[in-house]
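See below for the structure under consideration.
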DNA sequence: GGTGATGAGTTTCCATTGGGTACTGTTGGG
DNA sequence: CCCAACAGTACCCAATGGAAACTCATCACC
């Protein structure tokens with residue numbers, strides 16, 4: 092089994108690092124509803140700054156999880172969408188998000 | 092639904108940030124097999140430095156996911172274990188890890 | 001009684017990221 | 001002529017991430 096996230100040299104490590112990240116998990120989840128524009132993602136991912144959203148999306152694009160399509164319109168329109176791989180990655184991330192939401196009351200020092 | 096990870100003000104955000112993290116995900120997974128000592132965790136989480144392991148475990152402890160028990164022996168023994176909450180958190184994290192492992196070949200530019 | 005091993009960390013330092021705020025560029029509408 | 005809308009950049013600072021070396025306590029050995 093060379094595909095082991097516990098092995099430092101395995102590329103799995105990098106992919107886990109990519110997905111196991113607050114903003115990636117939220118961004119991919121937001122895209123499950125269908126293609127979204129930059130501004131739409133920005134308002135759904137409350138509190139994210141444009142810079143961080145840009146780098147998050149670019150990283151996801153670079154690794155084949157989302158696509159970025161530019162429409163030569165005015166005002167400029169850019170749509171982000173999930174690739175099949177990205178769509179598949181949503182399932183475990185959704186589990187994680189919903190687990191957090193439904194167990195948040197069990198955490199000490201959390202409302 | 093005040094428990095929404097997409098809301099910037101919700102404590103869910105902080106907990107998602109805690110769990111959606113490479114080292115947290117690996118550390119909790121390593122503890123599923125039972126209590127582990129610092130050195131054991133260090134060798135299972137290949138490539139982690141002692142400092143980073145310390146802060147990771149301390150954060151997990153602070154938020155009620157793991158316990159830290161010190162045995163006054165020589166040489167010193169310290170055991171980390173999952174709390175019930177930590178054990179429950181393992182399920183979604185395990186999904187994520189295994190998803191990555193079984194889909195790693197689909198990623199571009201990954202072996 | 002000095003030497004070294006063991007275990008669990010600290011300390012120090014540097015490089016990389018995370019993040020906020022302000023700015024840019026394009027073009028259509030008033 | 002200027003402003004608004006959209007999708008970002010640019011610039012800056014603060015917080016992590018991470019490698020390497022050091023600490024501290026005690027016991028076993030020579």
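Residue numbers (my numbering), protein chains in the order written: chain A, 92 to 202; chain B, 92 to 202.
Note that beta-carbon positions come from the ideal geometry of N, C-alpha and C, so glycine has one too.
Item to complete: Return the chain-ordered list of same chain residues with a C-beta closer than 7 Å to the C-beta of residue 161 (chain A), the five sequence neighbours on each side being excluded.
Response: Counted from its first residue, the first chain places residue 161 (chain A) at position 70. If we look at residue 161 (chain A) and ignore the five residues flanking it on each side, its Cβ neighbours are 169.
Worksheet entry | Partners in chain A for residue 198 (chain B), counting only beta-carbon separations shorter than 8 Å | Residue numbering aside, residue 198 (chain B) sits at position 107 when the second chain is read from its first letter. Those are 102, 106, 154, 155, 176, listed as they occur along chain A.
Fill in: Cβ pair residue 116 (chain A), residue 136 (chain A) closer than 8 Å
One-based indexing of the first chain puts residue 116 (chain A) at position 25. One-based indexing of the first chain puts residue 136 (chain A) at position 45. No, the pair does not count as a contact, with Cβ atoms beyond the cut-off.
Worksheet item: In whole angstroms, what is the alpha-carbon distance linking residue 126 (chain B) and residue 119 (chain B)?
Response: Counting from one through the second chain, the residue named residue 126 (chain B) turns up at place 35. Counting from one through the second chain, the residue named residue 119 (chain B) turns up at place 28. Cα to Cα, residue 126 (chain B) sits roughly 11 Å from residue 119 (chain B).
Practice prompt. Measuring alpha carbon to alpha carbon, tell me which of B:130, B:188, B:98, B:155 ends up nearest residue 197 (chain A).
Written response: Indexing the first chain from 1 puts residue 197 (chain A) at position 106. Ranking B:130, B:188, B:98, B:155 by Cα distance to residue 197 (chain A) puts B:155 first.
Worksheet item: Name the chain A residues that come within less than 9 Å of residue 135 (chain B), Cβ to Cβ?
Response: Taking the first residue of the second chain as 1, we reach residue 135 (chain B) at position 44. Within 9 Å Cβ-Cβ: 97.
Worksheet item: When the cut-off is 8 Å and only beta carbons count, does residue 128 (chain A) lie next to chain B?
Response: On the first chain, residue 128 (chain A) is found 37 positions in, with the first residue counted as 1. Under the Cβ distance rule, residue 128 (chain A) does not count among the residues neighbouring chain B, no pair being separated by less than 8 Å.
Practice prompt. Check the Cβ-Cβ distances between residue 191 (chain B) and every residue of chain A, and say whether any is below 8 Å.
Written response: Locating residue 191 (chain B) in the second chain gives position 100, counting from the first residue. Answer yes: the Cβ-Cβ gap between residue 191 (chain B) and chain A drops below 8 Å somewhere.
Discussion item. Going by beta-carbon coordinates alone, are residue 146 (chain B) and residue 174 (chain B) separated by less than 8 Å?
Written reply: Start at 1 with the first residue of the second chain, and residue 146 (chain B) comes out as number 55. Start at 1 with the first residue of the second chain, and residue 174 (chain B) comes out as number 83. Not closer than 8 Å, so no.
Discussion item. When you compare the CB of residue 159 (chain B) with every CB in chain A, is at least one pair closer than 8 Å?
Written reply: Taking the first residue of the second chain as 1, we reach residue 159 (chain B) at position 68. For residue 159 (chain B), no CB of chain A lies under 8 Å from its own CB, so it is not counted at the interface with that chain.
Worksheet item: When the cut-off is 8 Å and only beta carbons count, does residue 125 (chain A) lie next to chain B?
Response: Translated into positions along the first chain, residue 125 (chain A) becomes position 34. With 8 Å as the cut-off, residue 125 (chain A) does not count as an interface residue toward chain B.
Worksheet item: Touching or not, the segment 183-199 of chain B and the segment 183-192 of chain A, by the rule of three or more beta carbon pairs under 8 Å?
Response: In short, these stretches touch, since the Cβ pair count reaches three.
Discussion item. When you compare the CB positions of residue 139 (chain A) and residue 94 (chain B), do they come within less than 8 Å of one another, or not?
Written reply: Within the first chain, residue 139 (chain A) is the residue found at index 48, counting from 1. Within the second chain, residue 94 (chain B) is the residue found at index 3, counting from 1. Result no, Cβ atoms of residue 139 (chain A) and residue 94 (chain B) do not sit closer than 8 Å.
Worksheet item: Start and end of the beta strand (DSSP E) containing residue 159 (chain B)?
Response: Position 68 of the second chain, counting from 1, holds the residue named residue 159 (chain B). Annotation: the continuous beta strand (DSSP E) that includes residue 159 (chain B) extends over 157-162.
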